[in-house]
Amino acid sequence: MSYAIQWLRSLIFVGQMYVAMLVVGVLYLPAAIVSRRGAIAACHAYVRYIRWSSAWMIGLKWEIRGEPPTDEVMVAAKHQSFMDVLAIYGAIPRGKFIMKAILKYAPIIGQFGLRIGCIPVNRGKRGAAIRTMLADVKAGRALPGQLIIYPQGTRIAPGVKAKYKIGTGLLYRELGQPVVPVATNAGLYWPKRGIYRTPGTVIFEFLPRIETGMEVPEFMHQLETDIEAACDRLNAEAGFHG
């Protein structure tokens, strides 16, 4: 298949993603207003649709490896594109994200994100946001589920090294929950920016959980080691050695 044809297919796919988001948002709005369960159902329905449409429209599939958690844990994931947001959320029953505060104003994404329990964080004010979130959890105000956090704080292209931020370690210590690392090679197929999507199979691998009780520096070292080693392995499996 030529690059031009795949680029056109990718453009159509990206456009219909936003149309589908609006359609699903409107269809599930009454259920989402009534209960959080309705909002979660909407988000899972959207993920299933994108997984289905990406397979036949652009030849891009995804595979889940390992054991996605169903209990109260933190999920610390490699973040390379919007695809990993979709796949990780779709693999667990009650996911919720620490998201950029500005996203709460985005149509559909913002409203449904808040409804499923996402926690808005202001850039540059992560310390205050973490303290607020911890207070909410301890006071019983936070909704139950699997808290998804990106330890590097932003999307990182395959092969690029970036610091893991201490906030994940502080949450691990204060919440007293196990952490399930997640590795992926999504960025090889669905980039951080741009239209073109490369056909193939993206892997999302849930790694063995890190149990509670470790000191923060030790935890951060293990988390980074586990995720980066697994990502390098998945990249190599796809033929990337950058």
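Reading the sequence shown from the start, the letters are residues 51 to 292 in my numbering. Note that CB positions come from ideal geometry on N, CA and C, so glycine has one too. As the structure is a computational prediction, the values presented were derived from the model and not from experiment.
Residue i, DSSP secondary structure in three states
{"i": "GLY244", "result": "coil"}
{"i": "GLY250", "result": "strand"}
{"i": "ILE148", "result": "strand"}
{"i": "LYS111", "result": "strand"}
{"i": "LEU284", "result": "helix"}
{"i": "GLN161", "result": "helix"}
{"i": "THR275", "result": "helix"}
{"i": "LEU197", "result": "strand"}
{"i": "THR234", "result": "strand"}
{"i": "ILE260", "result": "strand"}
{"i": "ILE169", "result": "strand"}
{"i": "VAL125", "result": "strand"}
Test item: CB-CB of residue i and residue j under 7 Å
{"i": "CYS168", "j": "LYS146", "result": "yes"}
{"i": "VAL74", "j": "ALA92", "result": "yes"}
{"i": "TRP240", "j": "MET133", "result": "yes"}
{"i": "ILE236", "j": "VAL252", "result": "Looking at the sequence shown, residue 236 is not Ile but Ala. Yes, the Cβ-Cβ distance between ALA236 and VAL252 is below 7 Å."}
{"i": "LEU136", "j": "ILE100", "result": "yes"}
{"i": "PRO208", "j": "LEU238", "result": "yes"}
{"i": "LYS242", "j": "SER131", "result": "yes"}
{"i": "PRO228", "j": "ILE277", "result": "no"}
{"i": "LEU61", "j": "ILE206", "result": "no"}
{"i": "TYR214", "j": "GLU268", "result": "no"}
{"i": "ALA89", "j": "ILE138", "result": "no"}
Environment of residue i [buried if 16+ CB atoms lie within 10 Å]
{"i": "ILE55", "result": "exposed"}
{"i": "PRO201", "result": "buried"}
{"i": "GLU255", "result": "buried"}
{"i": "LYS128", "result": "buried"}
{"i": "ASN172", "result": "exposed"}
{"i": "ILE263", "result": "Strictly speaking, residue 263 in this sequence is Gly, with Ile absent from that position. Per the 10 Å Cβ criterion, exposed."}
{"i": "TYR96", "result": "buried"}
{"i": "LEU72", "result": "exposed"}
{"i": "TYR78", "result": "buried"}
{"i": "ILE83", "result": "exposed"}
Residue i Cβ short of 6 Å to the ligand PLP heavy atom set
{"i": "GLY145", "result": "What this structure holds is no ligand at all, so the ligand PLP is not there to describe."}
Rounded distance between the beta-carbons of residue j and residue i, thought under 8 Å
{"i": "LEU221", "j": "MET124", "result": "6 Å"}
{"i": "ILE159", "j": "GLN196", "result": "Wrong, their Cβ atoms sit about 19 Å apart, outside the cutoff."}
{"i": "LEU153", "j": "GLY140", "result": "At roughly 18 Å, the Cβ-Cβ gap does not stay under 8 Å, so LEU153 and GLY140 are not in contact."}
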